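The structure under discussion appears below in the form of structure tokens.
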Amino acid sequence: MGIDIGGTGIKGAVVNLETGELLSKRKKISTPEGAEPEDILSAVMELSDKLRKHKSIRGSDHVEIGICLPSIVRHGVTHSAANISKRWLGLHAEHLFSDGLGQAVALANDADAAGLGEQRFGAAHGRLDSVLVTTLGTGIGTALIHGGHLFPNTELGHLELDGHADYERFASARAREIENLNFEAWGARLTPYYRKLEQLFCPDVFILSGGISKQAEEFLHLIEVQTPIIPAALRNNAGIIGAAILADEAASLRADADTPATH
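Residues 3 to 265 in the working numbering are what the sequence shown lists, from first letter to last.
Next up, the structure:
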């Protein structure tokens, strides 16, 4: 089960990790106003209960759960709070969700989860070069992948650029929506951002993720950079799928740790 917590919505599904396909329909509920930890936990528990009714896992004794959210996550602790309550800062969020759901969970940054989803089943599958996944949504998330491996918690949406202390507030999909920008005006804001990423990291390809990626053909050509930009294959499901991948990997690590060593 993968659950993706965003600034405006929390969505989840049961995932087939052999194919990357969603076994259930994607369920979504609104992110509680203020995005306080207890309220987010309650929403995740509600969503989890709905997903457990799906025929593919109904009656199962145990289903692994992966959760991603818009925060730096290190060793289960959230260290930033982009578009969520500041009470997440320094919180052992992995314990919060594990205690609430009554089982171990895997926890990660939302853009990192989307990057993993694209690397395993999407537009980055099979690539061993440098890939920079960008998620355009309530904010701007990034996932840097090289040689098929993720460098976590890059948080490049928060670059200071062109007089903007936090560029995601100027160029995210949410900013476009609030200011009612057409794609040409939005592309003019995105171009300097992608040029800066290009200058700093020289990726071989940008992969654009997030809900807006389903409209990629309407605006990608307006972002003027030399590096190719392609839409995410998994679109807005990438975070859900990546979170499920993390849950599976964490379960394997726990199983290995519990297996007695043989000599």
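Where is the CB? At the ideal position from N, CA and C, for every residue including glycine.
In this text the structure is predicted, and so the values were computed from the model without any measurement.
Checklist entry - Going by beta carbon distance, what residues of the same chain come within less than 7 angstroms of residue 172, once the five residues before and after it are set aside? => result Excluding positions up to five away in sequence, the list reads 166 and 191.
Item to check | Collapsed DSSP secondary structure at residue 164 in the structure displayed | outcome: Three-state DSSP puts residue 164 in coil, outside helix and strand.
Checklist entry - Among the residues of its own chain, which have a CB less than 8 angstroms from the CB of residue 224, if the five just before and after it don't count? => result Within the same chain, residue 224 has close Cβ partners 185, 186, 188, 189, 190, 192 and 193.
Next on the checklist: Less than 8 angstroms between the C-beta atoms of residue 152 and residue 118, yes or no?
Outcome noted: Less than 8 angstroms divides the Cβ of residue 152 from the Cβ of residue 118.
Next on the checklist: On the DSSP bridge list, what partners appear for residue 76?
Outcome noted: 79.
Next on the checklist: Here's the rule I'm using: 16 or more other beta-carbon atoms within 10 Å means buried, otherwise exposed. How should residue 1 be labelled?
Outcome noted: Because the chain is modelled from 3 through 265, residue 1 falls outside the range shown and cannot be assessed.
Checklist entry - Starting from residue 57 and walking both ways along the alpha helix (DSSP H), at which residues does that stretch end? => result Residue 57 -> no alpha helix (DSSP H), and no H or E assigned at all.
Next on the checklist: Please report the straight-line C-alpha distance between residue 176 and residue 259, rounded to a whole angstrom.
Outcome noted: Each residue's alpha carbon lies about 42 angstroms from the other.
Next on the checklist: Can you list, in chain order, the residues of its chain with a C-beta nearer than 6 angstroms to that of residue 155? Leave out the 5 residues immediately preceding and following it.
Outcome noted: Cβ within range, chain order: 74 and 111.
Item to check | Cβ shell of residue 216 (< 6 angstroms), same chain only, five flanking positions each side left out | outcome: Only 237 meet the Cβ criterion.
Next on the checklist: Assuming the contact rule is C-beta atoms closer than 8 angstroms, residue 240 and residue 120 should be a hit. Round their C-beta distance to whole Å, please.
Outcome noted: Going by Cβ atoms, the distance from residue 240 to residue 120 rounds to 5 angstroms, so yes, they are a contact pair.
Item to check | Rounded Cβ spacing between residue 23 and residue 250 (contact assumed at less than 8 angstroms) | outcome: So it is not a contact: roughly 15 angstroms between Cβ atoms.
Checklist entry - Distance, Cα to Cα, residue 16 vs residue 202? => result Each residue's CA atom was taken as its position, placing residue 16 and residue 202 some 37 angstroms apart.
Checklist entry - Who are the Cβ neighbours of residue 83 in its own chain at under 7 angstroms, not counting the five residues just before and after it? => result 73, 90 and 91.
Checklist entry - Anyone know if the C-beta pair for residue 253 and residue 125 falls short of 8 angstroms? => result No, the Cβ-Cβ distance between residue 253 and residue 125 is not below 8 angstroms.
Next on the checklist: Please confirm whether residue 85 has its beta-carbon closer than 8 angstroms to some beta-carbon of chain D.
Outcome noted: Annotation note: the requested chain D is absent from the structure, which comprises a single protein chain.
Checklist entry - Hey, residue 28 and residue 242 are a contact pair by Cβ (cut 8 angstroms); roughly how many whole angstroms apart? => result Between residue 242 and residue 28 the Cβ distance is about 7 angstroms, and since that is below 8 angstroms, they are a contact.
Item to check | Cβ separation of residue 93 and residue 47, assumed to be a contact under 8 angstroms, to the nearest whole Å | outcome: Under the criterion of beta carbons closer than 8 angstroms, residue 93 and residue 47 do not qualify as touching, at roughly 17 angstroms.
Checklist entry - Alpha carbon to alpha carbon, how far is residue 228 from residue 209? => result Straight-line Cα distance between these residues: approximately 14 angstroms.
Next on the checklist: Taking a contact to mean a Cβ-Cβ separation below 8 angstroms, would you say residue 144 touches residue 158 in this structure?
Outcome noted: Result yes, Cβ atoms of residue 144 and residue 158 sit closer than 8 angstroms.
Item to check | Helix, strand or coil at residue 133 according to DSSP, with G and I counted as helix | outcome: Strand.
Item to check | As assigned by DSSP and simplified to three states, the class of residue 238 | outcome: Helix.
Item to check | Cross-strand partners of residue 207 (DSSP beta bridge) | outcome: 133.
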